[in-house]
Structures are given as structure tokens and as C-alpha cells.
Amino acid sequence: MTGITKDMTIGDIIRANADVIPVLINAGMHCVGCPSAQGETLEEAAMVHGMDVDDLMSKIEAL
Numbered sequence: 000m001t002g003i004t005k006d007m008t009i010g011d012i013i014r015a016n017a018d019v020i021p022v023l024i025n026a027g028m029h030c031v032g033c034p035s036a037q038g039e040t041l042e043e044a045a046m047v048h049g050m051d052v053d054d055l056m057s058k059i060e061a062l
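Counting in numbering that gives the first Met the number 0, the sequence shown runs from 0 upward without gaps.
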């Protein structure tokens, strides 16, 4: 999927393509609807949740 980067906020990513929601939830990132999703980048959220952001990006790009 083009146009989505790890520097985008989760909220922006979801607005760009809601198909990303199941990928995030399946990865254990259940914060898709929480207030911090509006200001936290994918990279920051991955770090907080102990995830490899590059692995997560690979799954998003596979959509």
C-alpha cells in the first residue's frame, strides 16, 4: 500500500485506508480508537507496544 508511512499518526493511517484496522488489531495494537491514536505515530505506537515497526509496515504494505 502506497502513501502510508511509519511517521503518520494512527488516526491519519486509518483515515487514509480503514483496511489497516484489522492489521493493527491482529498485531495487538488495540488503540485504533483511543485518543492517543490521533497524535501518536505508527512508529511511536509500535515502540510503546514492543512491536517491530518494520514488520508492521510490511503487513500494511501487503494490503
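For each residue, glycine too, the CB sits at the ideal point set by N, CA and C.
Limits of the unbroken alpha helix (DSSP H) element including D57: Rather than Asp, the amino acid found at residue 57 in this sequence is Ser. Here the alpha helix (DSSP H) through S57 covers V52 to E60.
With 16 other Cβ atoms within 10 Å as the buried cut-off, status of I59: buried
For N25, report the span of its alpha helix (DSSP H) as first-last. V19 to N25
Tell me the rounded alpha-carbon separation between N16 and I3. 9 Å
Using only alpha-carbon positions, find the residue among A61, L62 and T8 that is nearest to C33. T8
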